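Take a look at the structure set out below.
4 protein chains.
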Amino acid sequence: MTNFVPTPSVPAPDIVRCAYLELVVTDLAKSREFYVDLLGLHVTEEDENTIYLRSFEEFIHHNLVLRKGPVAAAAAFAYRVRTPEDVDAAEAYYKELGCRVERRKEGFTKGVGDSVRVEDPLGFPYEFFYEVEHVERLTQRYDLYSAGELVRLDHFNQVTPDVPRGRKYLEDLGFRVSEDIKDSDGVTYAAWMHRKQTVHDTALTGGNGPRLHHIAFSTHEKHNIIQICDKMGALRISDRIERGPGRHGVSNAFYLYILDPDGHRIEIYTQDYYTGDPDNPTVTWDVHDNQRRDWWGNPVVPSWYTEASLVLDLDGKPQPVIVREEKSEMAVTVGADGFSYTRKDDASGEPTAVEGFKLGAQV
Amino acid sequence: MTNFVPTPSVPAPDIVRCAYLELVVTDLAKSREFYVDLLGLHVTEEDENTIYLRSFEEFIHHNLVLRKGPVAAAAAFAYRVRTPEDVDAAEAYYKELGCRVERRKEGFTKGVGDSVRVEDPLGFPYEFFYEVEHVERLTQRYDLYSAGELVRLDHFNQVTPDVPRGRKYLEDLGFRVSEDIKDSDGVTYAAWMHRKQTVHDTALTGGNGPRLHHIAFSTHEKHNIIQICDKMGALRISDRIERGPGRHGVSNAFYLYILDPDGHRIEIYTQDYYTGDPDNPTVTWDVHDNQRRDWWGNPVVPSWYTEASLVLDLDGKPQPVIVREEKSEMAVTVGADGFSYTRKDDASGEPTAVEGFKLGAQV
Amino acid sequence: MTNFVPTPSVPAPDIVRCAYLELVVTDLAKSREFYVDLLGLHVTEEDENTIYLRSFEEFIHHNLVLRKGPVAAAAAFAYRVRTPEDVDAAEAYYKELGCRVERRKEGFTKGVGDSVRVEDPLGFPYEFFYEVEHVERLTQRYDLYSAGELVRLDHFNQVTPDVPRGRKYLEDLGFRVSEDIKDSDGVTYAAWMHRKQTVHDTALTGGNGPRLHHIAFSTHEKHNIIQICDKMGALRISDRIERGPGRHGVSNAFYLYILDPDGHRIEIYTQDYYTGDPDNPTVTWDVHDNQRRDWWGNPVVPSWYTEASLVLDLDGKPQPVIVREEKSEMAVTVGADGFSYTRKDDASGEPTAVEGFKLGAQV
Amino acid sequence: MTNFVPTPSVPAPDIVRCAYLELVVTDLAKSREFYVDLLGLHVTEEDENTIYLRSFEEFIHHNLVLRKGPVAAAAAFAYRVRTPEDVDAAEAYYKELGCRVERRKEGFTKGVGDSVRVEDPLGFPYEFFYEVEHVERLTQRYDLYSAGELVRLDHFNQVTPDVPRGRKYLEDLGFRVSEDIKDSDGVTYAAWMHRKQTVHDTALTGGNGPRLHHIAFSTHEKHNIIQICDKMGALRISDRIERGPGRHGVSNAFYLYILDPDGHRIEIYTQDYYTGDPDNPTVTWDVHDNQRRDWWGNPVVPSWYTEASLVLDLDGKPQPVIVREEKSEMAVTVGADGFSYTRKDDASGEPTAVEGFKLGAQV
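Residue numbers (UniProt numbering), protein chains in the order written: chain A, 1 to 363; chain B, 1 to 363; chain C, 1 to 363; chain D, 1 to 363.
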């Protein structure tokens, strides 16, 4: 039985969007090679311990902070709020939740002002800020536009053992669910939740957590993503392409998952849809639908289900990972005991059913 | 020891390009749905037993003939030759080779005139023709242009047990090798051979044969191929997507393999390179190079190696399939006993080598 | 001296986005050919007098209503509001402004419920509604996806004589300015204003008005727009391509302007940028900057400046057109007495300056 | 009455394709900025007077030589021939034609061996060579692939006063006509001629000549060309975009014309069609067809018709320019006395005809 996070009596901060991730990396030079030389993110500022990066169309100081540290992990999931007062609101909100809260008027990273960081009820280090340094928005700097250009930060994806618990907590915080994956027993495997008018600012993936599943940047068009694959091939690091490219069922976006030198997972993502209407229809997928994760039925590699990055507490120590107790999406869909269908009517529901299965995907 | 096909004393016909494939299908209505409704090939003519199809930029009568029959198979691999006299040359050439040869002034299919069909030394039904009916070239009929439009026939791909034997025979016939896959023991696993100025008009894939591995049509751009996947997802036939989309190492083309209702394999292909210079460099790939078949290191599904279509003799009976005696590409590269690398220098050559392998691809 | 529209004391309705346009057309069959056969908009419903159309990713009943009538004109610019109560708010808001207001519980068009229509202070027929019928969102119906698919309604564009007056009125209504075009004398030529998180839901173009300048639909990628041009060429209606394709300076979107059978202007549009942050930087362009309207410096055809569609009052009669008194953008930038530059520093400001001008564009 | 070039009694050399252009530029640093920094051509070799450039998929030493000189001009149009003996054939062929011929065993440029250069009957400096240094073919070097990457040299375009005379001479030399533009009086305005299996290796444009109209490089996809425009906008050199982007009627290619610092015209070009069959249908366009030069009916700027680069004789002196005596395409199609139609049936043939004309293009 899920032990829900209580709804605070004070109003939630008005969150605008996911804004940046702070990532601890163990070898800053190698990470720079990956994020700057390979992916072409733009350096706003850097010193020997930290690199501040932004995407092509960003006007705030950074979307990604790479900080050198002993253990690869995510140190902060930062959201921008609508007004300076919303930082106060965030502080009050989490205090009422009984969370550990830290407020810094001067911010936790360069370029960002008054901020609050919390260890949230799911164990994630969340940050809320309004004040931020504006920098050159490169939108029309096509002289700097690479063939695989990353133009926006799109979303975070968090692994948590109890998805309904996390979902309720995030809905209280003002997020709205665009899509989810369930089964007929009522188990929820994942949920996609947004503040800005896209499919998500963050998603919850059921699994051992709290962990960072991935951070996603978007490109303008699909060929930009293909170029990133091609470039990784040319650099002979195709083994860092973990999954894709493909078309998601959930979100309808064209996607790619790649791994940075520490194993942090980066998604490259393009062309989901508008979700800004108050009654935007929520899409629920059957966990056994073979097209939910890849619209073309291509298999999800096991590592995508099992691997993720540690997250840090406010002292910079890794949060302990709690095991998911409910059924895992991998177990119910992959391998000999799993079950998936392409055409629902073809499927008998038994492992021997062959109609509607992806040919050649069995191992 | 390879038993080579002798080089005839008479000149080979001057082959222009691969021109059409005649395919026997068991359910014409289902095949029409696949090739016309799904893939959008254009019907030049049809009757209750046969459909003549062409691609968007084609001006000859057809690139694909679907003929209703009891056993799914390839009935003819037809090449266009440069002059009417080259049909005579083809007849003389194969007669000297001792092959069974049939000449029909009125052609074997509608729209095609004087032709010769042979059972070639590898067991394939080859056709050579010059005379052909010209039809409307749809090149600028953008009112008929679908999002996944197939604009040209690109190539055939044939499975044959002894690749060097087939290669020598095709080189005598005037084909030139653009790329091949070998190992350090001198085994050849596949070869790509062209007459027109692309990477191939046909390729030889080592395996049990003679069989048709696939026929390939090209699109203008990569997004056209992605649309075909998306459409198959929408039609809930994603289980007919066998492999891809991806970027080939060999040929550098962006590709997709799908299966028609009889299991005939169709490749959708775009953006290989110019090969028309007399000294066009031949590219040789190491069979253990994990990027040779997919530049991004994505795995080749086993069915792609093992499944293929029967081919017919001139009486319309399936040719017996002869087992390949040499090592198979699948055996040496897939699974526990196979070996592949991404970065050659990382690889110790032993099955335990982990550097440079595709993460998550092991099963 | 601008006679500003007063700010009402009651709160403005919370507008979500531009939602649909009602267009009067004189020949419904011809218009159907244009919007359905050529552009591929999807018919939700139709009868002998009216066609209700929606874009690929839309889930509300329609984005465009074509209604047969004697005079080609725009009958309503409809916005969706956040709650049913916002319709009340709209009614009160415009009543206080002294505008003519009509409320219909059953809506003004099929598929839409309780709505209010007004003759706004600029003379435009604005509609506000919340209740709307949900219909199938075609987002993943790639079996219906055409090569030039229109996936969303993006914005309206209105011609009005006094842009600062219109801007102040729309800002009061909750719109925020993303970009504008001015000159050093303080004249404003155009302004782009948004509620959803794109560059605009509507724009104000300085000129004789009130008139509809255009309605814009977006595509996923740039090639989709090129296909629409190609298809219009194939149909031999290239004379209905008025301007483009090109890259806008303002908005950074890739664009095309075409004309429907009545001369209503349609823009096809893709890839502007995110504007959802509260401090999204406003971009101001110099009217003499040759790249403001087309980033590549291609000339704007005169008709684009001078032609626009009439708008109707609530009785269905055309609103009288009031002449713009300030300088026109065309006059100050096109032809012998106009002035434009590509590189500001090159330009002497005199008509004889040749550096930085578009070669070949002089006529 | 055309004074045709006689057909030599000796066989023509077997030309494979257009291979490189030697261009004299007046400011090497500025030209380097244009071809290397802007367009991303790859430097094979360079010294203080000369830069040798190649496209992404090229394996011969260069496709473009930039040589510093006092007068901007084209110094050589170089074709590759099939065998070393074809250089002898070329020498004999032009000697019989009475042309000035120069043979250099060591070649005229670095990287190229035994070559013959001639002043051809039309006054152009043609070169023929077989021997050439192979260099790294960058086809899969996606780490070097820019967003606007030029992947192949596609063709030359030459201005000559008498197109039928030039056409007959080039047909004798083995070129085949893919398309041409004529009028009902039998005047030929332009012809496209190929050796490789594309629409052209060179084209003849009727006008004052001999002059170089342009050299064309191809990209993989249409968005690559759009990126070049976008980049020129970002660099504030949009005034060097002369015409386009657009879709050609002739050739069906997507195109762009830009001007280098000396005014040499470069076309960027993609997606014409296969012409390798012996009976490839020739397409003839009516000079009054408004879609022949731009499929979307966009106007051709006057400079595109009138401006072109000088060509040099074998002493490096500019060839005198001879005036075209026949009607000019510009005069018969542009401006008050010209005539064009979009739909042939609409056109009365009189200047007052308004149906089927491009709206907004009149000046």
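Every residue gets a Cβ at the ideal spot worked out from N, C-alpha and C, and that includes glycine.
Every value quoted in this text rests on a predicted model; they were computed, and no experiment measured them.
The beta strand (DSSP E) enclosing residue i, as first and last residue numbers
i	result
tyrosine 189/D	188-194
glutamate 46/D	42-46
serine 218/D	211-218
glutamine 158/C	152-160
cysteine 18/C	15-25
lysine 30/D	No beta strand (DSSP E) holds lysine 30/D; the alpha helix (DSSP H) holding it covers 28-32.
For residue j and residue i, the rounded distance between their alpha carbons
i	j	result
serine 9/A	leucine 153/A	32 Å
proline 318/B	leucine 310/B	6 Å
valine 332/B	valine 187/B	11 Å
histidine 223/C	lysine 327/C	36 Å
alanine 216/C	valine 151/C	11 Å
aspartate 47/C	valine 25/C	14 Å
valine 199/A	arginine 265/C	31 Å
tryptophan 295/D	leucine 235/C	11 Å
threonine 342/A	aspartate 286/A	11 Å
phenylalanine 129/D	glutamine 227/D	34 Å
serine 251/B	glutamate 106/B	37 Å
valine 81/D	glycine 276/B	11 Å
proline 210/C	phenylalanine 124/C	6 Å
alanine 72/C	serine 218/A	41 Å
The alpha helix (DSSP H) enclosing residue i, as first and last residue numbers
i	result
alanine 75/C	No alpha helix (DSSP H) holds alanine 75/C; the beta strand (DSSP E) holding it covers 73-81.
glutamate 329/D	329-333
beta-carbon residue i near the ligand GTP non-hydrogen atom, thresh 8 Å
i	result
tryptophan 296/C	The model depicted lacks the ligand GTP and carries no ligand whatsoever.
7 Å Cβ cut-off: residues of chain A touching residue i
i	result
glycine 246/C	Those do not exist, as glycine 246/C stays about 14 Å from chain A at its closest Cβ, beyond 7 Å.
aspartate 230/B	Arg247, Trp295
tyrosine 273/C	Glu57, Thr139
Proximity test, Cβ basis, 9 Å: residue i and chain E
i	result
aspartate 286/B	The chain labelled as chain E is not found among the protein chains of the depicted structure, namely A, B, C and D.
Reduced DSSP secondary structure (H/G/I, E/B, other) of residue i
i	result
leucine 97/A	coil
isoleucine 237/B	coil
tryptophan 304/A	helix
histidine 223/A	helix
glutamate 106/A	coil
proline 164/D	helix
glutamate 242/D	strand
serine 146/C	coil
glycine 360/B	With a pLDDT of 41 at glycine 360/B, under the threshold of 50, the modelled position of that residue is not reliable, and the figure given next carries that caveat. Coil.
alanine 12/C	coil
glutamate 127/A	strand
alanine 203/A	strand
Within chain C, the residues that residue i reaches when beta carbons sit closer than 7 Å
i	result
leucine 235/B	Asp143
Per-residue contacts from residue i into chain D (C-beta, under 8 Å)
i	result
isoleucine 226/C	Lys222, Arg247, Phe254
Within chain B, partners of residue i - CB distance below 8 Å
i	result
glycine 276/D	Val16, Arg17, Lys196, Gln197
Under 7 Å from the C-beta of residue i: neighbouring residues of chain B
i	result
isoleucine 241/A	Trp296, Gly297
Proximal residues of chain C, C-beta to C-beta of residue i below 8 Å
i	result
glutamine 140/B	Asp230, Gly233, Ala234
threonine 342/D	Arg236, Ile237, Ser238, Asp239
Chain-ordered chain D contacts of residue i [CB-CB under 9 Å]
i	result
alanine 147/A	Tyr142, Tyr145, Ser146, Ala147, Gly148, Glu149, Asn224, Gln227
- Name the residues in the stretch 78-93 of chain D whose C-beta lies less than 8 Å from a C-beta of chain B; which are they? Arg80, Arg82, Thr83
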